[in-house]
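Working notes for the structure below.
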Amino acid sequence: MTKYDFTTIPNRLDHNSVKWQEIKENPHKLPLWVADMDFLALPEIKQSIHDYADYGVYGYAYVEEELIKSIQNWEKNQHQYDFSKEALILVEGVVPGIGLAIQALTKENDAVLINTPVYPPFARTVKLNNRKLIENKLMEKNWEFLIDFEVFEKEIVENSVKLYILCNPHNPGGRVWTKEELIKLGQICKKHNVIVVSDEIHQDLTLFGHQHQTFNTLSEDFKDFSVVLSSATKSFNIAGVKCAYAIIENQDLREKYLQRRLANNQQEISTLGMLATKVAYENGSEWLNELKNVLEKNITYIESELHQKTKIKVMKPQGTYLIWLDFSEYQLEDKVLDEKLAEEAGVILNKGISFGKAGQAHARLNAAAPFSLTEEASKRLVETFKI
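Using this note's numbering, the letters of the sequence shown correspond one by one to residues 18 to 404.
And the structure:
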């Protein structure tokens, strides 16, 4: 028996949804791309926003102690990470937080390394800030991504890399990096004086028994050269309210980060974002557990259907609600593949090539939707790509 509603399909066509606007002229298509969920939010969040709207005054808001404590308690209880309130910095989003780190902690033309394929804004943000982008290609073995540590270190040394952006859990592959892998990464970065910016926005969405490891909990030394970024927005489907946070324990790094945030006039955080974050962290653990059960069911179904009935290779995520699909067996050019998905299958997925060259012949599917939508999407993919 479930307490929360994960079966209702919200009508998002008239609510300025980026995800759903793609199908306004073609309502028969299914949008399974942008990383937000087609589930109703936690009822307590909805009620808190309703109460705020009823109040009738929407002026500037300060960061209350209760919000800080709710974030600290969540990180401690969910991820065994204990830190002082001074280490916590609110930002409007994880991607803006990455941009701030690049601007504050590197100089123009400095080299910044990412693992590819990876979330497209990583590369975009590096390039737009006039830094040198270094792409470290992930290895694929037994349908999961791995890091070639020898190549990783070689590329750091050869390019004098100053900053490394880690994605954990990984998007689009869904890898939840192990403690051993993260320690090895951290040791290499420490050895070569590389700052680590760890995007952990999907930290709460680990699945199938996998456990997230916060970078800063692995070694006291790691806290000296890291920026950990996270948010309640992905976990609780509140991306539109705009609130995230950076945890920076090293005082020098933190002061540079704060100075840059002020220089950019990014110190003001959405009132709704602060409100929704606090309510989510104080009331959302049971909702989150039910959500993860739903996601596991959806992912398992999609994997089974595509594995049995098509030549599509499915990288089953260990975390996130995103599934990386490999269409290489069909030998289609990327443009042809995209058209086939959208026009023949009637599903809108993220283009694999947008995640870097390693994303050729791939696509990313968002499985965070009621099962009826997941079932229909699987049916369409099977009919279009059946063996």
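All residues carry an ideal CB built from backbone N, CA and C; glycine is no exception.
DSSP three-state assignment for residue i, whether helix, strand or coil
i              : result
cysteine 184   : strand
glycine 336    : strand
asparagine 405 : Nothing in the structure corresponds to residue 405, since the chain is present only between 18 and 404.
tryptophan 304 : helix
alanine 78     : coil
lysine 328     : coil
threonine 223  : strand
lysine 179     : strand
lysine 251     : helix
valine 193     : coil
serine 243     : strand
valine 296     : helix
lysine 259     : coil
leucine 49     : coil
isoleucine 265 : coil
isoleucine 173 : helix
tryptophan 160 : coil
aspartate 343  : strand
lysine 20      : coil
asparagine 233 : helix
isoleucine 200 : helix
Test item: CB-CB of residue i and residue j under 9 Å
i              : j                : result
glycine 336    : leucine 199      : no
leucine 84     : lysine 396       : no
aspartate 351  : glycine 369      : yes
serine 177     : glutamine 220    : no
glycine 290    : isoleucine 62    : no
isoleucine 255 : alanine 297      : yes
alanine 104    : lysine 179       : no
isoleucine 286 : valine 80        : yes
leucine 405    : lysine 41        : No answer is possible for residue 405: the residues shown for the chain start at 18 and end at 404.
glutamate 307  : tyrosine 75      : no
leucine 323    : valine 399       : yes
alanine 394    : leucine 49       : yes
valine 311     : phenylalanine 56 : yes
Residues near residue i in its chain [Cβ-Cβ closer than 7 Å; skip 5 each side]
i             : result
arginine 192  : Glu161, Phe162, Pro186, Gln335
glutamate 152 : Ile131, Thr133, Gly373
proline 137   : Ser371, Phe372
lysine 201    : Phe166
Buried or exposed by the 16-neighbour rule on C-beta atoms within 10 Å, applied to residue i
i                 : result
phenylalanine 166 : exposed
serine 389        : exposed
aspartate 238     : exposed
serine 247        : buried
glutamate 125     : exposed
serine 321        : exposed
glutamate 109     : buried
tyrosine 98       : buried
lysine 102        : exposed
glycine 376       : buried
leucine 382       : buried
valine 135        : buried
proline 44        : exposed
glutamine 325     : exposed
glutamine 230     : buried
Where the beta strand (DSSP E) containing residue i begins and where it ends
i             : result
histidine 379 : 379-383
threonine 133 : 128-133
glutamate 42  : It is not in any beta strand (DSSP E) - glutamate 42 carries neither H nor E in the DSSP assignment.
valine 108    : 105-108
aspartate 216 : 212-216
Endpoints, the alpha helix (DSSP H) within which residue i is located
i                : result
serine 65        : 60-72
serine 395       : 388-402
phenylalanine 56 : Counting along the chain, phenylalanine 56 falls outside any alpha helix (DSSP H), and DSSP gives it neither H nor E.
tyrosine 98      : Taken as a continuous stretch (DSSP letters only), tyrosine 98 belongs to no alpha helix (DSSP H), as it is neither H nor E.
isoleucine 115   : 111-122
tyrosine 274     : 268-280
lysine 154       : That residue, lysine 154, is in no alpha helix (DSSP H); its beta strand (DSSP E) goes 149-154.
arginine 141     : 138-145
threonine 38     : The residue asked about is misnamed: residue 38 is glutamine in this sequence, not threonine. Start and end: 35-38.
Cutoff 6 Å; reference residue i; Cβ partners in own chain excluding five residues on either side
i                 : result
threonine 288     : Ala78
arginine 271      : Ile265
phenylalanine 139 : Ile131, Ile182
aspartate 343     : Lys330, His379
alanine 385       : Met54, Tyr338
lysine 240        : Asn233, Glu266
threonine 401     : Glu361, Ala362
asparagine 147    : Glu125
aspartate 216     : Val111, Cys184, Leu246
methionine 332    : Trp160, Gly190, Trp341
The ligand SAH heavy atom lying under 8 Å from the CB of residue i
i            : result
glutamine 97 : The ligand SAH is not among the ligands present in this structure, which contains no ligands whatsoever.
Cβ-based neighbour list, residue i, same chain, cut-off 8 Å, excluding 5 preceding and 5 following
i                 : result
tyrosine 274      : Ile106, Leu117, Ala118, Ala121, Leu122, Val244, Ala263, Ile265
asparagine 281    : Leu117, Gln120
isoleucine 218    : Val111, Leu246, Ser247, Ser248, Thr250, Lys251, Ala261
serine 65         : Leu292, Ala293, Val296
phenylalanine 242 : Cys206, Lys207, Asn210, Val211, Ile212, Val213, Asn267, Leu270
threonine 24      : Pro387, Phe388, Ser389
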